[in-house]
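Okay, so here's the structure we're looking at.
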Amino acid sequence: MTLHGAYQVLRPGGQLIFETRDPAQRVWEEWAEWTRETTYRITDIPGVGHVETWAELTDVSLPRW
């Protein structure tokens, strides 16, 4: 159902990108340094304009984050 909903709202040629993580790697420990200040980027997308992105870890409540 979720993937169908994402498909319905994608523009023609659009892509849905997602990933999975292995909790045994404990990558959230390095995410503590991921703040808006350290990850902020502006990308110019032709036909769309400027897109602002950043990563910000707000919570780790194992086994989910």
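Here numbering that gives the first Met the number 0 is used: the first residue of the sequence shown is 0, the next is one more, and so on.
Where a beta carbon is used, it is the ideal one built from N, C-alpha and C, also for glycine.
Under the criterion of beta carbons closer than 8 Å, Val26 and Arg20 qualify as touching, at roughly 6 Å. In this structure Trp30 is in contact with Leu56, their Cβ atoms being roughly 4 Å apart against a cut-off of 8 Å. Excluding five sequence positions before and after Ile41, the CB atoms of its chain that fall closer than 6 Å to its own CB belong to His49, Glu51, given in chain order. Here the C-alpha atom of Thr37 lies approximately 30 Å from the C-alpha atom of Arg10. Contact annotation: Ala23 and Leu15 have beta-carbon atoms that are not nearer than 7 Å.
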